[in-house]
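Reviewing the structure listed below.
In my numbering, the protein residues as written are 1273 to 1429.
Laid out in structure tokens, this is it:
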């Protein structure tokens, strides 16, 4: 079952973010707090949205966090999937696919023109899964990022 995240899900979302960071071999980079997640998802002006995948017993086994982006070329919003994670013991049960299909349903329902996300180039199981539902890689694009000291320096010019 896929449902919209609620405020009481923040601790389990936070725990799964930590699990995802471990899987991606970057636990030191996952510094978000439960308070930050709560504010982003459920504050006065939420800019991030969440979905929860539950197993047959109603236990959260996965999540997707997303936000709206905008295509100047298409003139419409889209969805950027920031994170999708399914706990190892629940993988293969269709939860990841259900999360992605729910995002696609939301995009279609709202008239958004696309759903986008990034995947680590070494994560072949995820790449194979994404291709199996019709997703295509955007190989001609390279992601750039400003963070930490470089962001502070650029922002103070």
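Don't be surprised by glycine CBs; every beta carbon is placed ideally from N, CA and C.
Measuring alpha carbon to alpha carbon, tell me which of the options ends up nearest residue i.
i	options	result
residue 1389	1359, 1397, 1419, 1339	1339
residue 1350	1374, 1330, 1384	1384
residue 1406	1386, 1425, 1283, 1345	1386
residue 1370	1408, 1401, 1417	1401
Please list, in chain order, all residues of the same chain as residue i whose beta carbon is under 7 Å from its beta carbon, the five residues on each side excluded.
i	result
residue 1285	1277, 1309, 1322, 1335
residue 1317	none
residue 1367	1325, 1333, 1334, 1358
residue 1283	1306
residue 1302	1289, 1290, 1293
Beta-carbon within less than 8 Å of residue i's beta-carbon, same chain only, minus the 5 sequence neighbours each way: which residues are those?
i	result
residue 1279	1310, 1313, 1314
Only counting the same chain, and skipping five residues up and downstream in sequence, which positions put a Cβ closer than 6 Å to that of residue i?
i	result
residue 1360	none
residue 1425	none
If you count every other CB in all the chains shown that lies within 10 Å of the CB of residue i, and 16 or more means buried, which is it?
i	result
residue 1430	Only positions 1273 to 1429 of the chain appear in this structure, which leaves residue 1430 out of reach.
residue 1415	exposed
residue 1379	buried
residue 1375	buried
When you compare only the Cα positions, how much space is there between residue i and residue j?
i	j	result
residue 1296	residue 1348	32 Å
residue 1362	residue 1398	15 Å
residue 1328	residue 1274	11 Å
residue 1422	residue 1299	21 Å
residue 1353	residue 1429	31 Å
residue 1396	residue 1381	31 Å
residue 1331	residue 1281	11 Å
Going by the CB atoms, is the gap between residue j and residue i shorter than 8 Å?
i	j	result
residue 1337	residue 1320	yes
residue 1356	residue 1373	no
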